[in-house]
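For what it's worth, our numbering labels the leading residue of the sequence shown as 22, then goes sequentially.
First comes the structure, then the notes that go with it.
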Amino acid sequence: MSTNSYDVIIIGGGIAGLAIAYHVGRHNASVLLLEADTLGSGTSGACAGRAQISEGPRGKHMDVVLEGLAKLEGLEEELGYEFEWRRLGNLILIEHDHHWQSWSDQITYLKDRGVPADILDPADLIAIEPLLKIDRFRGAAWCLEGHLNPFKFMRAYANAARQQGADLRQHTPVTGFTLKGGRIVAVQTPQGSFSAQTVVVTAGAWTRKLLASAGLHLPIQFTHAEAVISEPLPPILNNHIGLADFYETIHNAARAVSIGLAQQQSGALLITEAVAQLPDIHRANSHWGISDIARDLLALFPKLADVRLIRAWAAPSPFLLDEQPAIGWLAGADNCFVATCFHLTITTIPVLSERMAALILQERADPYLSAFSPARFQREVAAD
């Protein structure tokens, strides 16, 4: 077999791409992963590391979330690399009556599923987070979730994928595709042309433009998100903290801020998020994002006024209009598989990546994944 020919080519070196590479490799398939920059340099590198459960959807989707949480408990051992996994509470601060009712219902559901969760009143809030200014809040929803270091999480999957024989190439952007007979027969890069039985696109916000270069269509949109990181501090927070009106605040706004923060194992605070609607993808911070994040943070935690911010990041956050992922085969190129726009990524990828690998290798159909097929959006674009 030519060194430029593989069973599977994966485009995109974030959490999903690396996890899929690991599981495809475990099936003894040859894997080439192409990353335009460095592994984890896109949206995955801007991940807060929260293993979300609180917002988990009900029914079979929650089954996947809880299965993913269980897998995370033993995943460091499986992958042979520590990524700072720990259980951590999530505190959703509630200001308005309609949020109080909806979160009360969600907490009841989570408790029925065996998840440690509760509704807290203001006195509880003072006890659990003494630095928090609580005067505007009715209380909070609390749920025991998890937290990890996203860079180490990706490194764990990358190392394990290499051990399974995967070829992970950084600084290797895809510059074009060759289609023939309704299949991608070659992937072009500055380092040469590569072929594979299957091409998997896990390029996040860059997926739409990448597919369009091959005459393929998926209507991915994105917001521009910014966050800041503080200097290391002694332990001052006991939970991840967010706001119940997060989605109402950021949706359809030209720019908005909704605070979320957690203390990392290093002691630094990761504080999110300033969100803007922009026409083009870039990773530069705005003139307003950091200052508005700092303003809203101090409204919640006035005693952090003397804390120094030492770093900021910005990244595109991709989504589809129905706020569900796109997972499956793409019309117009029979051997092109798309995996993007994940929700609750940290919690679900340990499960979904294994199931996607089996589907990519066509070992078995997956009725659960079929609900996320990109066919629900697609219109075939004829290639020239």
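For each residue, glycine too, the CB sits at the ideal point set by N, CA and C.
For residue j and residue i, the rounded distance between their alpha carbons
i                 : j                 : result
arginine 229      : leucine 330       : 34 Å
glycine 310       : glutamate 247     : 7 Å
glycine 89        : valine 372        : 5 Å
alanine 404       : alanine 396       : No answer about alanine 404 holds up, because its pLDDT of 37 lies below 50 and its placement is not dependable.
alanine 315       : histidine 119     : 27 Å
glutamate 97      : phenylalanine 172 : 13 Å
histidine 44      : alanine 179       : 11 Å
leucine 239       : tryptophan 124    : 33 Å
phenylalanine 358 : histidine 168     : 29 Å
glycine 349       : serine 51         : 20 Å
tryptophan 163    : glutamate 269     : 20 Å
arginine 190      : histidine 82      : 33 Å
alanine 354       : histidine 48      : 24 Å
glutamine 242     : leucine 146       : 37 Å
proline 256       : isoleucine 250    : 15 Å
valine 402        : leucine 231       : Since pLDDT at valine 402 reaches only 42, below the 50 mark, its modelled position is unreliable, and the value read off the structure follows with that caveat. Each residue's alpha carbon lies about 14 Å from the other.
alanine 379       : isoleucine 280    : 38 Å
serine 374        : tryptophan 227    : 20 Å
methionine 377    : valine 328        : 43 Å
glutamine 184     : glycine 38        : 16 Å
glutamate 384     : histidine 117     : 49 Å
threonine 210     : isoleucine 31     : 13 Å
lysine 154        : serine 394        : 44 Å
lysine 92         : glutamine 285     : 21 Å
aspartate 139     : tryptophan 121    : 12 Å
proline 388       : aspartate 156     : 47 Å
threonine 304     : aspartate 84      : Residue identity check: residue 304 is arginine in the sequence provided, not threonine. C-alpha separation (whole angstroms): 35 Å.
asparagine 25     : aspartate 133     : 52 Å
Cβ-Cβ distance between residue i and residue j below 8 Å
i                 : j                 : result
leucine 54        : aspartate 188     : yes
leucine 454       : glycine 160       : Nothing can be reported for residue 454, as the shown portion of the chain is limited to 22 through 405.
valine 220        : glycine 33        : no
asparagine 170    : phenylalanine 104 : yes
threonine 366     : isoleucine 36     : yes
glycine 197       : threonine 361     : no
alanine 289       : proline 253       : yes
alanine 182       : glycine 46        : yes
methionine 175    : leucine 60        : yes
asparagine 111    : glutamate 166     : yes
phenylalanine 158 : proline 137       : no
asparagine 336    : alanine 40        : A small correction: the amino acid at residue 336 is alanine; asparagine does not occupy that position in the sequence shown. Contact flag unset, no.
serine 75         : isoleucine 113    : yes
asparagine 306    : alanine 333       : yes
valine 208        : leucine 200       : no
histidine 192     : aspartate 313     : no
Assigned exposure category for residue i - 16 Cβ within 10 Å defines buried
i              : result
threonine 369  : buried
tyrosine 27    : buried
histidine 308  : exposed
valine 29      : buried
glycine 263    : buried
asparagine 260 : buried
alanine 386    : exposed
proline 346    : buried
glycine 95     : exposed
glycine 80     : exposed
alanine 42     : buried
arginine 391   : In the sequence as displayed, the identity of residue 391 is serine instead of arginine. So serine 391 counts as exposed.
alanine 326    : exposed
glycine 135    : exposed
glycine 213    : exposed
methionine 22  : The predicted model places methionine 22 with a pLDDT of 39, which falls under 50 and marks its position as unreliable; any figure quoted below should be read in that light. With fewer than 16 other Cβ atoms within 10 Å, it is exposed.
Identity of the residue in the options nearest residue i by Cα
i              : options                        : result
leucine 109    : Ala378, Ala396, Arg71          : Arg71
serine 338     : Trp350, Val52, Leu299, Asp355  : Leu299
alanine 274    : Ser394, Ala295, Tyr389, Phe393 : Ala295
leucine 342    : Thr244, Gln286, Asp145         : Thr244
proline 194    : Ser62, Ala50, Ser391, Leu382   : Ser62
asparagine 356 : Arg376, Gly203, Ser374         : Gly203
valine 86      : Ser391, His364, Ala392         : His364
glutamate 344  : Glu56, Phe398, Ala336          : Phe398
histidine 265  : Gly135, Ile115, Lys154         : The sequence given here has alanine at residue 265, not histidine. Nearest of Gly135, Ile115, Lys154 to alanine 265, Cα basis: Ile115.
leucine 351    : Ala335, Glu375, Ile381         : Ile381
proline 78     : Gly38, Asp126, Ile31, Arg107   : Asp126
serine 287     : Gly281, Trp106, Val278         : Trp106
leucine 291    : Leu258, Asp139, Arg304, Asp156 : Leu258
tyrosine 102   : Asn25, Ile128, Ala177, Asp84   : Ala177
Min CB distance residue i to chain D below 8 Å
i           : result
leucine 232 : Here there is only one protein chain, and chain D is not present.
- Query: Taking contact to mean at least 3 C-beta pairs separated by less than 8 Å, is the stretch 144-155 in contact with the stretch 315-322?
  - Reply: yes
- Query: Three or more C-beta pairs closer than 8 Å, one from the stretch 233-242 and one from the stretch 55-71: is that the case here?
  - Reply: no
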